[in-house]
Amino acid sequence: MSEDKLVTKFLPYGAPNHPSVKMVDLKNLRPYGDAMNDGRGQVSFTLPVNPSPEAEEAAREIMRKMGFADIKVVAMERPSEGFSFFVCYGAMSHSVDFTKIHVLKVETEFKDFYTINETIKKEIGRKIIIAGATTGFDAHTVGIDAIFNMKGYKGDYGLERYSGFDARNLGAQVLNEELLDYAVKNNVDAILVSQIVDEKDCHIDNLKALMQLAEKKGMRDRFIFICGGPRLNHPLAVECGLDAGFGPGTLPSHVASYVLDEFLRRKNAQKKPLKKGS
Amino acid sequence: MKLALDRKKIALCRKIAVKISEDVREMIDAHGTVATERSVLRLMGVDGAKLNPKINQYYPLANVVVDQIEAVGALPRGVSYWMANACLQTGKAPAEIAEAMSNGELHMGKLAQAKPVEIEKKAKALAKEGLKRLVLKRNERNKLIKSLKDPQDKTFRKPPVKYVIVASGNIFEDVVQARSAAQAGADVIAVIRSTAQSLLDYMPHGATTEGFGGTYATQENFKIMRKALDEESLKLGRYVRLTNYSSGLCMPEIATVAAQERLDFLLCDSLYGILFRDINMKRTLIDQHFSRLVCALSEIYINTGEDNYLTTADAVENGHQVLASQFINERFAIQANMKEEYMGLGHAMEMNPFHTDVILLEIARAQMTRDIFPKAPLKYMPPTRHMEGDIFFSHTYDAIFNLVSVMTNQGVHLLGMPTEAIHTPLLGDRFMALKSCNYIFNGAEHLGEELIFKKNGKIEKWSQKVLDDSVKLLKYIDKVGIFTAIEKKVFAEVSRKLDGGKGYKGVFVRDKNYLNPFLDMLERRQY
Numbered sequence: 191m192s193e194d195k196l197v198t199k200f201l202p203y204g205a206p207n208h209p210s211v212k213m214v215d216l217k218n219l220r221p222y223g224d225a226m227n228d229g230r231g232q233v234s235f236t237l238p239v240n241p242s243p244e245a246e247e248a249a250r251e252i253m254r255k256m257g258f259a260d261i262k263v264v265a266m267e268r269p270s271e272g273f274s275f276f277v278c279y280g281a282m283s284h285s286v287d288f289t290k291i292h293v294l295k296v297e298t299e300f301k302d303f304y305t306i307n308e309t310i311k312k313e314i315g316r317k318i319i320i321a322g323a324t325t326g327f328d329a330h331t332v333g334i335d336a337i338f339n340m341k342g343y344k345g346d347y348g349l350e351r352y353s354g355f356d357a358r359n360l361g362a363q364v365l366n367e368e369l370l371d372y373a374v375k376n377n378v379d380a381i382l383v384s385q386i387v388d389e390k391d392c393h394i395d396n397l398k399a400l401m402q403l404a405e406k407k408g409m410r411d412r413f414i415f416i417c418g419g420p421r422l423n424h425p426l427a428v429e430c431g432l433d434a435g436f437g438p439g440t441l442p443s444h445v446a447s448y449v450l451d452e453f454l455r456r457k458n459a460q461k462k463p464l465k466k467g468s
Numbered sequence: 099m100k101l102a103l104d105r106k107k108i109a110l111c112r113k114i115a116v117k118i119s120e121d122v123r124e125m126i127d128a129h130g131t132v133a134t135e136r137s138v139l140r141l142m143g144v145d146g147a148k149l150n151p152k153i154n155q156y157y158p159l160a161n162v163v164v165d166q167i168e169a170v171g172a173l174p175r176g177v178s179y180w181m182a183n184a185c186l187q188t189g190k191a192p193a194e195i196a197e198a199m200s201n202g203e204l205h206m207g208k209l210a211q212a213k214p215v216e217i218e219k220k221a222k223a224l225a226k227e228g229l230k231r232l233v234l235k236r237n238e239r240n241k242l243i244k245s246l247k248d249p250q251d252k253t254f255r256k257p258p259v260k261y262v263i264v265a266s267g268n269i270f271e272d273v274v275q276a277r278s279a280a281q282a283g284a285d286v287i288a289v290i291r292s293t294a295q296s297l298l299d300y301m302p303h304g305a306t307t308e309g310f311g312g313t314y315a316t317q318e319n320f321k322i323m324r325k326a327l328d329e330e331s332l333k334l335g336r337y338v339r340l341t342n343y344s345s346g347l348c349m350p351e352i353a354t355v356a357a358q359e360r361l362d363f364l365l366c367d368s369l370y371g372i373l374f375r376d377i378n379m380k381r382t383l384i385d386q387h388f389s390r391l392v393c394a395l396s397e398i399y400i401n402t403g404e405d406n407y408l409t410t411a412d413a414v415e416n417g418h419q420v421l422a423s424q425f426i427n428e429r430f431a432i433q434a435n436m437k438e439e440y441m442g443l444g445h446a447m448e449m450n451p452f453h454t455d456v457i458l459l460e461i462a463r464a465q466m467t468r469d470i471f472p473k474a475p476l477k478y479m480p481p482t483r484h485m486e487g488d489i490f491f492s493h494t495y496d497a498i499f500n501l502v503s504v505m506t507n508q509g510v511h512l513l514g515m516p517t518e519a520i521h522t523p524l525l526g527d528r529f530m531a532l533k534s535c536n537y538i539f540n541g542a543e544h545l546g547e548e549l550i551f552k553k554n555g556k557i558e559k560w561s562q563k564v565l566d567d568s569v570k571l572l573k574y575i576d577k578v579g580i581f582t583a584i585e586k587k588v589f590a591e592v593s594r595k596l597d598g599g600k601g602y603k604g605v606f607v608r609d610k611n612y613l614n615p616f617l618d619m620l621e622r623r624q625y
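Protein chains in written order, with the working numbering: chain A, 191 to 468; chain B, 99 to 625.
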C-alpha cells in the first residue's frame, strides 16, 4: 500500500463524531493520558540526595531534559539517609511516526494444540524432537518449565503433552557444548534455550557463544535455534544468530506453532537434509 | 484464629517423618564429604586462599589440604586425624600447616605418625577451641540483641520480620542498599549471591564486586556486611539480621563461615540442592546435617526452600508436597539438634492469582502451616511465578500477600517487589515495597486475633484436604524410601537418582577409625 492511501488520522474507537474529539494521528503519535494527544504519563526514580526544595527542582529538571512539559513532582519521599524517591507526571513533548516503525517478528500463524498435532501426524509422520535447556550459569528453570512441562502455562499445554513432539527438558546450567553434543547424539530437530539472568548482558553473550560454537562445528543449519526469556525478543535473537526469539507472555503453543512452521518450511525448501539418519 | 485440623493426623505425619529419616540417618553416619572435611579445617582456623592461575581465582587452603589428602586416598580417616598429627609433628597451627602445604613445603602423608591416642587428644583440643570461637560469636550476638530492640517476636503476636534482598552484584554497593533498606523498615537483609556459586566446589575468597544476579558468598563479604548492619542497628536501636545461603556444594562451609562471622539466618534446606541444583542426594543430605549442627550451636535460623516446589508444580493442587516436605525438613533439623524456634520452614503465595477464591486458599495454606508448626518462624515467600512486567498489578498482588502474612502470623516475611520478574530491586523499588508492607503490617497487626473461620467453610476444607493428601504422600515416601520417592518425582515434579548429580565424587565411606571430634561434639552438644 502506498503511503498516501494509508489512513493516518482517525477517530478513536467508539468516539462520537463531534468537533471537540481529536483524531488519532499515526504520523504524530503521542501518549494518551486524559485526552487525545496530551502526552501525559508518569516517571519514578531515586536521586542520591536528601529531599529538599533543591532536590525537587533537580527532579523537575531531569523530567524537562527527558522532554516533559507541565511537570508535576507529585511525591518526594525519603527512603533513607541520603536518598529521595520521586514520582512525577508530565506531558511528553515528543511524538513518533507510527507508520515508519518496522519490527522484526516471528512470522507464524499461531495454531492450537490439536491442529499442531494433527499437522505433524499428517505432514511429517514422525515426532519433531525438541531439546530445551537453561544454559550457562543460569540456574532458573521457570521459563523452560513453563514451555515444556506437561501442564503448561496459563491453560496452554506444555510441549511434553503434544503427541507430535518428543520434548526433552534438560534443565538448568547446561553448557553450550553439552547442549550441542546432546542435539547431535539425539538427532534433535529444534533447540530451545532459556535465559533469565541478564546481568551485564550475559544472556546475549551466552546466545552468541552458542551460535558461534554451532557455526564452528558446521551445525548452524542443522537445527532450528530458538530462545526465550523475560529480557529476550525476536530481533535480539536474530541479532545473536538464532532463528527466533520469544519474550514474556509466550505460550507453549506459540513456540510449537513456530517450530512446526519452520520445520515444514525447511522441509519444503529442501534446504538441508532433515531426514533422520535412521 | 485457628483451623479445625485433626491433631491425630498431624501427629501421624510426624511419626512417618521419623521413619523416613531413619534410612537417611544411617547413610549420613556412614559417610563424609569433602565439604564437611573442609568445614572442619575452617573451624580449625584454616581460612586463607592462594591465587590459582588455572582458574584465575583464589583457591582456598581448606581445599588444598583436602585435595592432597584425597589424592592419596586418606580422606576416609578424616582430615582431623591428619591435621592433628601434623600439628603434633611440626608444632605448628593448622593455618600454618595448610600454608606450608600450599607452598609444597610440607606433605601430610610424608610425616611420621604419632600414636592414635595422642592424635585423638590433639584433635579434640582443636575441636574444643574451634567450637569455642563459635560460642563466643553467638554470645556476642545475643548480647547485642539484648541491648537493642528485637523485631523478632517468638510468640508471633507481632507482625513477621520484614526480609528484603540486596543484589547489586557488588558487596560495597550492597552495603549502601542494605543500610537504606534497614532505615526504611527492613529487619533482615539477604545478600543474594552469584547464580554460579552453588555449583562451585570451593568458596570464593575476599571482598567481591562482581557476579551474576548477586555477588559471591565469601567470608570477607559476610564480615563487611555484618559490620555495616551492626553500625546501622546501633543507629536505629533495632537489631537488623543478616542472611546468606548455606546451599550448593559448599553448604557446610558456608554455614561454618557464617557462624564465624555471626550471620543470623541461613537458607539451609535438606532437599533443595537435590531437586533444584541437581546435587547428589547423599552429598546434600550429609552436608545439610553438618550445616544444621553448626546452626544449632550458633542459634542461626534456617530457612527451608519448599516455596520453590510451588514455582514448578501447580500451587493450588500441590499444597501437600510442601507440607510433606516441611515435616521431613523439620525431622532432619531435629536430627541436627535444632529447636523448632529456629526452623524457618518455607512456603509461598504462588497460586494462580486469577483462580476463583484464590485469596481464601492462600489464607488457608498460610494458616494451616502456622497451626501445624506453632513455634516455627515460618518463612513466607512472595509471589514470583505469576509476576510479569506490570509493576502496578504486582504492587497490588504483593499488598494482598502482606495482608495474608500478617493476619496468619507468619514468622519471616520476604517482601515482594513490584519489579519482580524484571530486575533485581532498585533502591526505589525496595522502598515502595517496604512502605506498603509497613502500612499493612501496622494496620492489620491484630486482625488474626479477631477472626474465626467458618466451620466446614472453603478455607477449612482446603486445609483439611491438604493435610489428608500429605498423610498419603508421606506414607508413600515411607513405603518406597525417600531416595526412590525422589526418583519418582514426589517433589516439584523433578526426578533425581541416588548415584547421579553433581558432587557425588566428593562423598566417601568413613573408615572404621574415622576421626572427627568436631562432629562428635556438635552431635553431643558439647560446647
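Note that the Cβ used here is the ideal one computed from N, Cα and C, for glycine as well.
Bear in mind the structure is a predicted one, so any value in this text is a computation, not a measurement.
Taking C-alpha positions only, A/S353 is separated from A/M340 by approximately 11 Å. Pairwise C-beta distances place the segment 310 to 329 of chain B out of contact with the segment 374 to 382 of chain B, as fewer than three of them are shorter than 8 Å. For B/P158, the uninterrupted beta strand (DSSP E) run begins and ends at 155 to 158, by DSSP. If you check the CB distance, A/I337 and A/Y343 come in under 9 Å. B/P214 is classed as exposed because its beta carbon has fewer than 16 other beta carbons within 10 Å across all chains shown. Looking from the CA of A/N377, the closest CA among A/R358, A/D346, A/C392 belongs to A/R358. Taking 7 Å as the Cβ-Cβ cut-off, the segment 268 to 286 of chain A approaches chain B at P269, S270, E271, F273, F275, given in chain order.
Contact between the segment 583 to 597 of chain B and the segment 416 to 427 of chain B is present, with at least three C-beta pairs closer than 8 Å. Look at A/C430 here: in three-state DSSP terms it is coil, with no helix or strand label.
The straight-line gap separating the alpha-carbon atoms of B/K603 and A/V239 is approximately 53 Å. In the same chain as B/I217, and ignoring 5 residues on each side of it, the C-beta atoms closer than 8 Å to its own belong to Y179, A182, N183, L186, Q211, L613, in chain order. Assignment of B/H129 by DSSP, reduced to helix, strand and coil, places it in the strand class. Below the 8 Å Cβ cutoff, chain A contributes no neighbours of B/L373, its closest Cβ being approximately 11 Å away. In this structure B/G189 is exposed. Its beta-carbon is surrounded by fewer than 16 other beta-carbon atoms within 10 angstroms. The C-beta distance from B/V144 to B/A196 rounds to 5 Å, short enough to meet the 8 Å contact threshold. Distance from the CA atom of A/K262 to the CA atom of B/D488, rounded to whole angstroms, is 23 Å. DSSP, reduced to helix, strand and coil, places B/L565 within a helical segment of the structure shown. Between B/A276 and B/L141, the CB-CB gap reaches or exceeds 9 Å. Contact between B/A284 and B/L532 holds: their C-beta atoms lie close to 6 Å from each other, under 8 Å.
Counting only residues of its own chain and dropping the five nearest sequence neighbours on each side, B/F529 has a CB closer than 6 Å to the CB of A282. Taking a beta-carbon distance threshold of 9 Å, A/A329 counts as an interface residue toward chain B.
Close CB contacts of B/G130 within its chain, under the 6 Å cut and outside five residues either way in sequence, are with F606, R608 (chain order). Neighbours of B/D412 across chain A, judged by C-beta separation under 8 Å: K341. Non-local beta-carbon contacts of B/L549 in its own chain, meaning distances under 6 Å to residues more than five positions away in sequence, involve M99 in chain order. Comparing alpha-carbon positions, the option among B/L620, B/T467, B/H387 lying closest to B/E404 turns out to be B/T467. Closer than 7 Å at the C-beta level to chain B, one finds these residues of the segment 232 to 262 of chain A: S234, F235, T236.
Leaving aside the five residues that flank B/R291 on each side, the residues in its chain whose CB is nearer than 8 Å to its CB run, in chain order, G309, G312, T313, Y314, A315, N342, Y343.
For B/D251, no pairing in a beta bridge is given by DSSP. Following the DSSP letters along the chain, one finds B/A288 inside the beta strand (DSSP E) bounded by residues 286 to 289.
For B/K222, the enclosing alpha helix (DSSP H) starts and ends at 214 to 245. The CB of A/Q402 never comes closer than 7 Å to any CB in chain B; the least such distance is about 20 Å. Of B/P475, B/F471, B/L476, B/R483, the smallest CA-CA separation from B/L103 is found for B/F471. Between the beta-carbon of A/L360 and that of A/G322 there is about 7 Å, and that keeps the pair under the 8 Å contact cut. If you draw a straight line from the Cα of B/I538 to the Cα of B/N500, it is about 7 Å long. Taking C-beta atoms as the reference points, B/S561 and B/R463 count as a pair closer than 9 Å.
Straight through space, the alpha carbons of B/I287 and B/G228 are spaced by roughly 27 Å.
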